[in-house]
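If you want our numbering, it's the 1-based position in the sequence shown plus 285.
Virtual Cβ for every residue (Gly too), placed ideally from N, Cα, C.
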Amino acid sequence: MLGGRAANGLRERTTGGSLPGLPFNGAALEVRTQMLATLGSWSGLVAQQRGLPAPGRTVAATTAFLLRNASWLASHPAAAEATEEIAKLVRDGGRVARPDGRRNVRVGPCAEPHCPGTLSLTLRERTGAGEPEIRCDADPAHSWASHRWGELNRSMEAGAAAQGAVAPAVERWLTAADISLLQRVPVGSVYRMASEQRWRRRQRAGRTYYSENDVRDYFGSRSGR
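Right, dumping it as structure tokens:
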């Protein structure tokens, strides 16, 4: 070692570069860098104008700081600009995390008797991906077409009632595109129904989500006519 050669089994330590066998995701690094810059900029504005200590320069710290000061920022003249920039970060991050636009929505416990699995619906934003299916994580053979979501929910509720159990209230939220896929109706009709039926809604990262319970109740009443 003193002569300049490394002992057997030891490798010269180097700095920089990626670790062997660890894939480098350039898109993820780019989004993370943009997140740090954008969130840091808005956090700095809030801290300066409110006379608060600035948060640490991490995504987690700046996000928590902005959430704590969200009401103040919402009334700021630059609120629309902040909302637009942060919503873009969420979209960009989602595209990196889910390149195929896939999103899983938990439906509930498997409807098959004695199955311990959980049902999830996989939704894909990419067009031409085929009809989504509801699948069990314990047995792939337990699967249903997405339009049977309401039927499965009623089956699970009936099963819980028969056992004397009270199913926990779970509020799920769906986009207009999700509802269009599930119920096989045009997206434009979804917006009209949401307005006419006054479905509960929430805004998240610049997108509108509707209450799955309200949607299910509406389409359930239609099918029972």
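Sorted by chain position, which residues of the same chain lie with C-beta nearer than 8 Å to residue i's C-beta, five sequence neighbours on each side aside?
{"i": "isoleucine 419", "result": "Val392, Leu404, Ser405, Leu406, Ser428, Trp429, Ala430, Ser431, Arg433, Trp434, Leu437"}
{"i": "tyrosine 476", "result": "Ala461"}
{"i": "tyrosine 494", "result": "Trp458, Leu459, Thr460, Arg486, Arg487, Gln488"}
{"i": "proline 417", "result": "Leu406, Thr407, Leu408, Arg409, Ser431, Leu466, Leu467"}
{"i": "alanine 345", "result": "none"}
{"i": "alanine 367", "result": "Trp327, Leu358, His361"}
Residues in the same chain with beta-carbon distance under 7 Å from residue i, minus the five sequence neighbours each way, listed in chain order, please.
{"i": "serine 328", "result": "Ala339, Pro340, Thr347, Phe350, Leu351"}
{"i": "arginine 492", "result": "Thr460"}
{"i": "glutamate 456", "result": "Ser496, Asn498"}
{"i": "alanine 423", "result": "Cys395, Cys400, Pro401, Gly402"}
Could you tell me the alpha carbon to alpha carbon distance between residue i and residue j, rounded to whole angstroms?
{"i": "glycine 502", "j": "serine 326", "result": "Before going on, a small fix: residue 502 reads as aspartate here, not glycine. Computed Cα separation, rounded: 44 Å."}
{"i": "asparagine 354", "j": "cysteine 421", "result": "41 Å"}
{"i": "alanine 479", "j": "arginine 489", "result": "17 Å"}
{"i": "tryptophan 458", "j": "arginine 335", "result": "34 Å"}
{"i": "leucine 408", "j": "isoleucine 371", "result": "24 Å"}
{"i": "alanine 426", "j": "glycine 402", "result": "11 Å"}
{"i": "glutamate 369", "j": "serine 360", "result": "15 Å"}
{"i": "asparagine 498", "j": "valine 390", "result": "14 Å"}
{"i": "leucine 358", "j": "arginine 486", "result": "22 Å"}
{"i": "leucine 321", "j": "serine 506", "result": "48 Å"}
{"i": "serine 474", "j": "threonine 323", "result": "36 Å"}
{"i": "serine 465", "j": "phenylalanine 504", "result": "12 Å"}
{"i": "alanine 365", "j": "leucine 337", "result": "22 Å"}
{"i": "glycine 301", "j": "threonine 343", "result": "With a pLDDT of 47 at glycine 301, under the threshold of 50, the predicted position of this residue should be treated as unreliable, though the coordinate-derived value follows. Cα to Cα, glycine 301 sits roughly 21 Å from threonine 343."}
{"i": "alanine 332", "j": "valine 472", "result": "42 Å"}
{"i": "tryptophan 484", "j": "aspartate 463", "result": "15 Å"}
{"i": "valine 500", "j": "serine 356", "result": "30 Å"}
{"i": "lysine 373", "j": "glutamine 482", "result": "30 Å"}
Is residue i helix, strand or coil by DSSP?
{"i": "glutamate 481", "result": "helix"}
{"i": "alanine 363", "result": "coil"}
{"i": "valine 390", "result": "strand"}
{"i": "arginine 353", "result": "helix"}
{"i": "glutamate 418", "result": "strand"}
{"i": "arginine 380", "result": "helix"}
{"i": "leucine 358", "result": "helix"}
{"i": "alanine 313", "result": "helix"}
{"i": "alanine 430", "result": "strand"}
{"i": "leucine 251", "result": "The question about residue 251 has no answer, for the chain in this structure spans 286 to 510."}
{"i": "threonine 318", "result": "helix"}
{"i": "phenylalanine 486", "result": "According to the sequence shown, residue 486 is arginine rather than phenylalanine. Residue state, collapsed to three classes: strand."}
Taking 6 Å as the limit between beta carbons, can you name the residues of its chain near residue i, skipping five residues before and five after?
{"i": "valine 316", "result": "Asp377, Gly378, Val381"}
{"i": "alanine 313", "result": "Val381"}
{"i": "glutamine 468", "result": "Phe504"}
{"i": "proline 398", "result": "none"}
Stretch pair the segment 394–402 + the segment 363–383: three plus CB contacts closer than 8 Å: no
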